[in-house]
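Have a look at the structure below before the remarks.
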Amino acid sequence: MRQLPPRSIERSQLTWLSISDEPVTAGGSDAGPNPYDYLLAALGVCTSMTVGLYARRKQLPLENISVSLWHSRIHAKDCEECETKEGMIDRIDVEVELTGSLTPEQRAKLMEIAGKCPVHRTLTSEINIRLRSVSSSS
Numbered sequence: 582m583r584q585l586p587p588r589s590i591e592r593s594q595l596t597w598l599s600i601s602d603e604p605v606t607a608g609g610s611d612a613g614p615n616p617y618d619y620l621l622a623a624l625g626v627c628t629s630m631t632v633g634l635y636a637r638r639k640q641l642p643l644e645n646i647s648v649s650l651w652h653s654r655i656h657a658k659d660c661e662e663c664e665t666k667e668g669m670i671d672r673i674d675v676e677v678e679l680t681g682s683l684t685p686e687q688r689a690k691l692m693e694i695a696g697k698c699p700v701h702r703t704l705t706s707e708i709n710i711r712l713r714s715v716s717s718s719s
């Protein structure tokens with residue numbers, strides 16, 4: 582990973598190269614998705630893959646799945662289902678569109694499965710991030 586001016590980051594992992602940046606309004610040059618875009622992409626792709634694999638395994642008539650996501654910061658007091666009641670919290674809204682001749686029961690099961698994708702489970706569980714400094718090898 583290397584820093585590019587002004588707030589862009591280039592990251593190379595295995596054979597992929599991805600660039601992350603901030604919008605111009607946040608001081609970046611909008612050269613690529615911002616970190617939250619990548620977070621939402623990870624959740625969306627994981628949701629789609631998990632539902633699709635389940636539907637194939639169960640031979641359900643799912644023709645297509647479309648996942649749309651939004652991230653926002655809201656006042657905790659405005660979130661009825663949240664435990665935290667003070668300050669601000671992060672909210673991720675996920676809309677899943679299932680296309681196919683599915684029964685209401687099949688749709689309900691696929692939506693249940695959508696909430697079980699590994700990234701969803703990671704984001705809704707306790708997370709312990711260990712940050713440490715390492716020396717440069719140059």
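Using the numbering used here, you'd call the opening residue of the sequence shown number 582 and step up by one each time.
No residue lacks a Cβ here, since even glycine has one placed at the ideal position from N, Cα and C.
Only a predicted model underlies this, so the values are computations on that prediction, with no experimental measurement involved.
Item                                                                                                                                                                                   : Value
Do residue 657 and residue 670 come within 7 Å of each other at the CB atom, strictly closer than that value?                                                                          : yes
Please determine, among 647, 616 and 636, the residue with the shortest C-alpha to C-alpha distance to residue 625.                                                                    : 647
Can you look up residue 708 in the DSSP assignment and give me helix, strand or coil?                                                                                                  : coil
Would you kindly work out how many angstroms separate the C-alpha atoms of residue 673 and residue 702, rounded to a whole number?                                                     : 13 Å
If you draw a straight line from the alpha carbon of residue 590 to that of residue 718, how long is it in whole angstroms?                                                            : Because residue 590 carries a pLDDT of 45, less than 50, the predicted location of this residue cannot be relied on, and no value is offered for it.
So which of 630, 637 and 652 has the shortest CA-CA distance to residue 616?                                                                                                           : 652
With the cut-off set at 7 Å, would you say residue 645 and residue 680 are in Cβ contact?                                                                                              : yes
Can you confirm whether the stretch 629-645 touches the stretch 600-611 when touching is taken to mean that 3 or more C-beta pairs between the two stretches lie within less than 8 Å? : no
Let me know the secondary structure DSSP gives residue 648 once reduced to three states.                                                                                               : strand
Would DSSP call residue 628 helix, strand or coil?                                                                                                                                     : helix
Quick one: is residue 698 buried, meaning 16 or more other Cβ sit within 10 Å of its Cβ, or exposed?                                                                                   : buried
Can you give the beta carbon distance from residue 650 to residue 675, rounded, assuming they're within the 8 Å contact cut?                                                           : 5 Å
Could you work out which residue in 609, 686 and 614 is closest to residue 598 when comparing CA atoms only?                                                                           : 614
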